[in-house]
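One structure is given below, encoded as structure tokens.
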Amino acid sequence: MRIAIVTGGLIEDLSWLKAQLSRYDLLLAVDRGLEATEALGLTPDLIIGDFDSYRGDQAIEARYPEARILTFSSVKDWTDTELALQK
């Protein structure tokens, strides 16, 4: 199984990213990386983060009822990306 993890950061070429993500079996969005998947019109299978940098609609559960969502406190020993890698 191939898993794509989309994290935060500047993504200048969304069409390139969308083409790359089509090759994966599971899509995991991490905190602000959820904004990139939203811009692409993709629904992640798993969403992870404390959502302190996510600037979208905070009703994530309502927007993505089919996704598994793991929410963490912003006070933690691991970054959101590290948590995603552990999963």
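Under the working numbering, think of the first position of the sequence shown as 1, with each following residue one higher.
Just so it is clear, CB atoms sit at the ideal spot from N, CA and C, and this is done for glycine as well.
Query                                                                                                    : Result
Relative to the C-alpha of Asp50, which candidate in Asp25, Ile69, Lys18, Arg23 has its C-alpha closest? : Ile69
Look up Leu34 in the DSSP assignment and say whether it is helix, strand or coil.                        : helix
From this set, Arg63, Gly56, Ile47, Ala67, which residue's C-alpha is nearest Thr81's C-alpha?           : Ile47
Who pairs with Ala84 in a beta bridge, going by DSSP?                                                    : Beta-bridge pairing links Ala84 to no other residue.
Within the continuous beta strand (DSSP E) that includes Arg68, where are the two ends?                  : 68–71
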